[in-house]
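Everything below concerns the one structure shown next.
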Amino acid sequence: MKNPYEVLGVRENASEEEIKKAYRELVKKYHPDQYRDNPLSGLAEEKLREINEAYDYLMKNQSGGNRSGSWGQSRESYGSRNNNEFYSQVRRNIQMGNISAAESMLNSTNDRSAEWYFLRGLVFQRRGWYDEAYSSIQTAVNMDPSNFEYRNALNQMNMSNAAYRQTAYGRGYSRNDDLCTLCQFLWCADCCCECTGGDLIGCC
Amino acid sequence: MFGYIFPEKPELKIKEYELFRAYYCGICKSIANRYGQIPRLTLNYDSTFLAILLSSISEVENDLKMERCIVHPSRKRGVIKNSDIIDYASDINIILAYYKLKDDWRDEKSIKSGAAALFLESAFKKIKRKYAEKCEIISHRLRELEKLEKECCNSMDRAAEPFARLMEEIMYYPETCKDEKQSDILKWMGYNIGRWIYIIDAYNDLEDDIRKKTYNPFIYQFNYANSDVDSFRERIREKVEFNLVYTLNQLAKTYELLEIKRNKGILENIIYMGMLKKTEQILNARSCKKIEKSI
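Right, here's the structure in full:
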């Protein structure tokens, strides 16, 4: 087992509160929902398992308190309510990361139902073809607007960009260019000085 | 096609900035020592990012020295020395610059590019002997891209694929990747980086491509049909933005799976801020004002 403190990214004498906070953040970050469209979702699950183990270990050893069940373990599997054996097989292939098998199965059929479009969208997602993925899932939603699974997948694609931006803003990223213009000006001035052998800002 | 990957400078710590430069200078000097002065001019920031990323998971500690150089003779600066990763990143830098110049020469009959490619010829031959397999794959991907261009491919996903696969290959440096997991992560990061570069470059070059009547995936995917360039850019912007940011998000999520040993601050600055900034700059640029690229 790895050093549980390192896994959770806290210092060795962190308080229970700090550990819990770090744990919650990490679970959110590596939650299976976040990685549905990523071909390395297996690794994310592994990471989550590691995080859960580290947390369990620390909680057990710190206060003797016990916790009911780890988070993020329950993964709703695709196709639990699917009766069609063919599409279940496609779904299994996608889940196991066997994308080319899933793709050739989809190509082999003439069926163009909403589910076909949806699954093709999932295949495109895993291949990195996000544009086609989006239109394919969109088609599935249009064909069967009442289907929660399709709509959910589409919403997640829409929301993931906002999540990424949120992280950037959380790190201090700003679209506002006032400060930026100033920095650029200073930087340009600095570069000009450096070209001629001098230096305006000593550090860079 | 290069020079889009750059940190968001105001948000870098000074020590991170110094380190970034030490990598940059390391690559520059590595090129100079092994191939002479002229290939040095091809240096760009993308290869700096490659070196920083690969060394972030490497077991080998950086060998940082203070040195002078002819470009900045006044003061000593940090330079990373004796690193296989730096050498690899410099070789990749030259390979890509060489192919890019060849490509410009072929497509646009640019004499400047043709001549520059000749100057890189000897360096390129040496590298080709060292990484025969990699060079073969890279040129194979570029031939695929050329073929799609000839076919006037009307899907940005499909058009971006060869370059994305090319970056995937570049990110795979077996010497640092001790296990399959790490190299899978790097490859998928590479795929998304390549895809992002291809799409952002296509959007940035849209006006030029329309004027010169050269291939651009958006012309075919969104039916340009001789409308006004500005309103066309405006019309497709939302779709392009979705794809670019989605790709960055995938890159970021994949990056989070990597076991980082160093350079965390710089990498996260680039992945979460620098690349987003570039995306927004290019999407919102007025058509007359081209975004400056490094080289």
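Chain order of the listed sequences is A and B.
Residues 123 to 326, numbered by the numbering used here, are exactly what the first sequence covers, in order.
Residues 8 to 302, numbered by the numbering used here, are exactly what the second sequence covers, in order.
The beta carbon of each residue, even a glycine, is placed where N, CA and C say it ideally should be.
Own chain, CB closer than 6 Å to residue i, minus 5 neighbours either side, in chain order
i	result
residue 204 of chain B	11
residue 186 of chain A	Legend: pLDDT at residue 186 of chain A = 41, less than 50; position of this residue unreliable, value from coordinates given subsequently. Taken in chain order, the list of residues that qualify is empty.
residue 237 of chain A	209
residue 13 of chain B	52 and 281
residue 194 of chain A	With a pLDDT of only 40 at residue 194 of chain A, under the threshold of 50, the placement of this residue in the model should not be trusted; the figure read from the coordinates follows. If we look at residue 194 of chain A and ignore the five residues flanking it on each side, its Cβ neighbours are 149, 153 and 170.
residue 275 of chain A	259
residue 287 of chain B	none
residue 96 of chain B	34, 54, 57 and 58
residue 243 of chain B	225 and 229
residue 136 of chain A	none
residue 273 of chain A	263
residue 227 of chain A	212
residue 180 of chain B	61 and 95
residue 89 of chain B	70
Residue i burial status per 10 Å Cβ neighbour count (16 or more: buried)
i	result
residue 266 of chain B	exposed
residue 267 of chain A	exposed
residue 231 of chain A	exposed
residue 279 of chain A	buried
residue 221 of chain B	exposed
residue 131 of chain A	exposed
residue 240 of chain B	buried
residue 270 of chain A	exposed
residue 122 of chain B	exposed
residue 158 of chain B	exposed
residue 80 of chain B	exposed
residue 82 of chain B	exposed
residue 26 of chain B	buried
residue 276 of chain B	buried
residue 7 of chain B	Any property of residue 7 of chain B remains undetermined from this structure, which presents chain B solely from 8 to 302.
residue 43 of chain B	exposed
residue 250 of chain A	buried
residue 302 of chain B	Legend: pLDDT at residue 302 of chain B = 41, less than 50; position of this residue unreliable, value from coordinates given subsequently. Its Cβ having fewer than 16 others within 10 Å, residue 302 of chain B is exposed.
residue 125 of chain B	exposed
residue 281 of chain A	exposed
residue 252 of chain B	buried
residue 219 of chain A	exposed
residue 233 of chain A	exposed
residue 284 of chain A	exposed
Contacting residues, own chain, Cβ-Cβ under 8 Å from residue i (five flanking each side not counted)
i	result
residue 20 of chain B	272
residue 63 of chain B	265, 267, 268, 269, 270, 271 and 274
residue 76 of chain B	32, 35, 36, 84 and 86
residue 106 of chain B	145, 146 and 149
residue 3 of chain B	Outside the shown range of chain B (8 to 302) lies residue 3 of chain B, about which nothing can therefore be said.
residue 173 of chain A	129, 130, 145, 148, 149 and 152
Within chain A, the residues that residue i reaches when beta carbons sit closer than 8 Å
i	result
residue 257 of chain B	159, 160, 250 and 252
residue 279 of chain B	286, 289, 290, 293 and 295
residue 283 of chain B	286, 287, 290 and 295
residue 55 of chain B	Within chain A, no residue comes near residue 55 of chain B; the closest Cβ sits about 15 Å away, beyond 8 Å.
Chain B residues whose Cβ lies nearer than 8 Å to that of residue i
i	result
residue 156 of chain A	260
residue 165 of chain A	188, 191, 192 and 264
Where residue i meets chain B, residues with beta-carbon distance less than 9 Å
i	result
residue 169 of chain A	263 and 264
Spatial neighbours of residue i in its chain, beta-carbon cut-off 7 Å, leaving aside the 5 residues before and after
i	result
residue 225 of chain A	245
residue 47 of chain B	35, 38 and 39
residue 259 of chain B	278 and 279
residue 15 of chain B	276, 280, 281 and 284
residue 29 of chain B	71, 85, 86 and 87
residue 200 of chain B	174 and 258
residue 195 of chain B	261
Per-residue contacts from residue i into chain A (C-beta, under 7 Å)
i	result
residue 254 of chain B	252
beta-carbon residue i near the ligand MG non-hydrogen atom, thresh 6 Å
i	result
residue 151 of chain A	You won't find the ligand MG in this model; it holds no ligand whatsoever.
Open item on the list: Under 8 Å, CB to CB, which of the residues in the stretch 256-287 of chain A have a partner in chain B?
Closed with: 256, 279, 282, 283, 285, 286 and 287
Task: Against chain A: residues of the stretch 189-202 of chain B by CB proximity under 8 Å - done: 191, 192, 195, 198, 199 and 202
Open item on the list: In chain order, what are the residue ranges of uninterrupted alpha helix (DSSP H) at least 4 long that sit wholly in the stretch 215-241 of chain B?
Closed with: 224-228
- [ ] Taking a Cβ distance cut-off of 9 Å, strictly less, list which residues of the stretch 79-101 of chain B are near chain A, in chain order.
- [x] 79, 80, 81 and 82
Open item on the list: Going residue by residue through the stretch 249-286 of chain B, where are the continuous beta strand (DSSP E) segments of at least 3 residues, counting only ones entirely within it?
Closed with: Listed in chain order, there is nothing to give.
Open item on the list: To test your reading of the DSSP string, which unbroken alpha helix (DSSP H) runs of 4 or more residues are found completely within the stretch 217-261 of chain A?
Closed with: Taken in chain order, the complete alpha helix (DSSP H) segments of 4 or more residues contained in the stretch 217-261 of chain A are 221-230 and 236-249.
Task: Near-chain A residues of the stretch 155-172 of chain B - C-beta to any C-beta below 8 Å - done: 162, 163, 164, 165, 168 and 171
TODO: Check distances from the C-beta atoms of the stretch 237-252 of chain B to those of chain A and list, in chain order, the residues that come in under 7 Å.
DONE: For the stretch 237-252 of chain B, which is checked against every Cβ of chain A, the residues closer than 7 Å are 249, 250 and 252.
- [ ] Using a Cβ-Cβ cut-off of less than 9 Å, give me the residues of the stretch 12-23 of chain B that come near chain A, in sequence order.
- [x] Identification of residues in the stretch 12-23 of chain B having a C-beta nearer than 9 Å to some C-beta of chain A yields 15, 16, 17, 18 and 21, given in sequence order.
TODO: Quick one: which residues of the stretch 136-154 of chain A get their C-beta closer than 8 Å to a C-beta of chain B? List them in chain order.
DONE: 151 and 152
TODO: Enumerate, from N- to C-terminal direction, the unbroken alpha helix (DSSP H) stretches of 4 or more residues contained entirely within the stretch 130-192 of chain A.
DONE: Runs of the alpha helix (DSSP H) lying entirely within the stretch 130-192 of chain A, each at least 4 residues long, are 138-152 and 163-184 in chain order.
Task: Segments of 4+ residues assigned as alpha helix (DSSP H) that fall wholly inside the stretch 118-202 of chain B - done: 118-137, 139-157 and 163-178
- [ ] Note down, one range per segment and in chain order, each beta strand (DSSP E) of at least 3 residues found wholly within the stretch 59-111 of chain B.
- [x] 70-74 and 84-88
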